[in-house]
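Numbered per mature numbering (1 follows the signal peptide of the UniProt record, and there is no 0), the sequence shown spans residues -22 to -1, 1 to 178. Ideal Cβ placement from N, Cα and C applies to all residues, glycine included.
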Amino acid sequence: MVVRGGLLFLLVLGISWVYVDARVLEISDISQREMVVPDVYVRQIHLKELKNKLQAFDLIPRNERVCDLCEQFTAQALYYLGENKTQSEVIDMLHVACSSLHSFKQQCITLVDYYGPLFFLEISEIQPGEFCKKVNLCNKMLSTPKQHQNSCSLCHRFVAEILVKLKDPGTQLDIIEIFLKGCDAVEGYLKEVSTIQELM
């Protein structure tokens, strides 16, 4: 799971670099005064829309924002990984990496060819919400009541209540009965059990 999470993180990081590093290339035809809008410009518009969505997240508490962003990026990464073109590009890159392992090249290629499709099959079954919960980005913070925030006072109250219950003769009798039942199970150690009972 850690490997899958790491690979997914690297993929999301790579995708974000494409959007962040995109530059507007305007090609103007002087004679017709016509602007050609390249695909990179469309990506920048998409990036601006994403920034506007992120600004809208300022109204949502931080934990929910992180969770929503995780789910959104995971869904987008899963979409890209689900495309056959992306899968073949990843397999090709792994084959190139295998060629640098000279003596293990063929074994590496065999592993890539066998486990690559299994990896993509496993990735396709990931649910963004479940993935983000597993990496602890969607956990709700539990708020403790203010009266119990001081753990020392809570512990002191707990111990005091136990001591009061132990002073009750009925509770002491119940404890001794349970203890004797346990002692019956270990008859071979009767002398040691008697010594412990005398201490009580």
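Around the Cβ of Val90, are there at least 16 other Cβ atoms within 10 angstroms (buried) or fewer (exposed)? By the 10 Å Cβ count, Val90 comes out buried.
Should Ile8 go down as buried or exposed, given a rule of 16 or more other Cβ atoms within 10 Å for buried? Confidence at Ile8 is low in this model, with a pLDDT of 41, below 50, so its placement is unreliable and no value can be given for it.
Specify the secondary structure class of Ile101 as computed by DSSP and reduced to three states. Helix, per DSSP.
Could you check the C-alpha separation between Gly107 and Pro95 for me, to the nearest Å? Rounded to whole angstroms, Gly107 to Pro95 spans 23 Å at the Cα level.
Reducing DSSP to helix, strand and coil, say where Asn117 ends up. Asn117: coil per DSSP, three-state reduction.
In terms of residue numbering, what span does the alpha helix (DSSP H) encompassing Ser78 cover? Annotation for Ser78: no alpha helix (DSSP H) segment contains it, and DSSP assigns it neither H nor E.
Count the CB pairs spanning the region 132 to 143 and the region 53 to 68 that are closer than 8 Å, and state whether there are at least three. The answer is no - the region 53 to 68 does not touch the region 132 to 143, with fewer than three Cβ pairs under 8 Å.
Residue range of the alpha helix (DSSP H) that Glu61 falls in? From DSSP, Glu61 is part of no alpha helix (DSSP H); its letter is neither H nor E.
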